[in-house]
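Student: Residue numbers (the working numbering): 70 to 260.
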C-alpha cells in the first residue's frame with residue numbers, strides 16, 4: 070500500500086481506494102488529542118464494543134485515552150521520523166504529494182503508526198492532500214498474542230516468544246488486526 074505525504078501538514082497517511090477514497094488512515098495527532106479521546110471514550114464505553122475488549126478498562130475514562138494516545142505517539146516516534154524523512158526527500162523530486170511504496174530498499178518496522186481512521190471533508194484542489202478531516206475510528210495491526218491459549222499459560226508464552234523473535238519484515242510473523250469505528254460509519258465502511 071502506498072504511503073502518502075501531506076506537504077501542508079507534514080503528515081504521512083494511507084488512503085483507501087475508491088469508492089472509499091475519502092477515508093484516510095493517519096498516525097495519532099497530539100494536537101487533536103481532545104477529539105481523539107472524546108471519540109475513544111464514546112466508542113469504548115459503547116455496550117456493543119466494550120464486552121469484546123480484553124485489556125481495555127471499563128468504564129473508559131478521559132485519563133485512559135490521554136495516556137494511551139501519548140504512549141502511542143511516543144511508541145511511533147522513530148517510525149514516523151524515518152518515514153517523514155524519506156517522504157520529505159521524495160518530495161524534493163515530486164512536486165505533488167510525495168508517496169513511498171515502490172522503492173526497492175524498503176525498511177521494515179515492528180509497529181504500524183497508522184491507526185486513526187478519518188473521513189476527509191476537504192482536500193487541497195492542487196495536490197488532493199487532506200485539508201480537513203475528522204476521526205471516525207481506530208485500527209491496529211500488531212503481532213498476534215495467541216488468545217486461543219489460556220492467559221499466563223506456558224503455551225501462550227512460548228507462542229508469543231517465537232512470534233516476537235521474528236525480525237520485522239519476516240513473512241512468517243503472525244499478525245492480528247483490531248479496530249472500532251463510530252457507529253454511523255459502520256454501514257459506510259463494511260457494507
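Even for Gly, the Cβ is constructed at its ideal location relative to N, Cα and C.
Considering only their Cβ atoms, is the gap separating residue 70 from residue 83 smaller than 8 Å?
Tutor: Annotated as proximal: residue 83 and residue 70, with beta-carbon spacing under 8 Å.
Student: Terminal residues of the continuous alpha helix (DSSP H) containing residue 224?
Tutor: 223-234
Student: Under 6 Å Cβ to Cβ from residue 99, same chain only, skipping five residues before and after it: list those, please.
Tutor: Result list for residue 99: 142, in chain order.
Student: Considering just the uninterrupted stretch of the beta strand (DSSP E) at residue 80, what are its terminal residues?
Tutor: 80-84
Student: For the candidate residues 145, 213, 138, whose alpha-carbon lies nearest to that of residue 241?
Tutor: Of the listed residues, the one whose Cα sits closest to residue 241 is 213.
Student: Under 8 Å between the Cβ atoms of residue 149 and residue 182?
Tutor: yes
Student: May I ask you to report which of helix, strand or coil DSSP gives residue 75?
Tutor: strand
Student: If you check the beta carbons only, do residue 72 and residue 152 fall under 8 Å apart?
Tutor: yes
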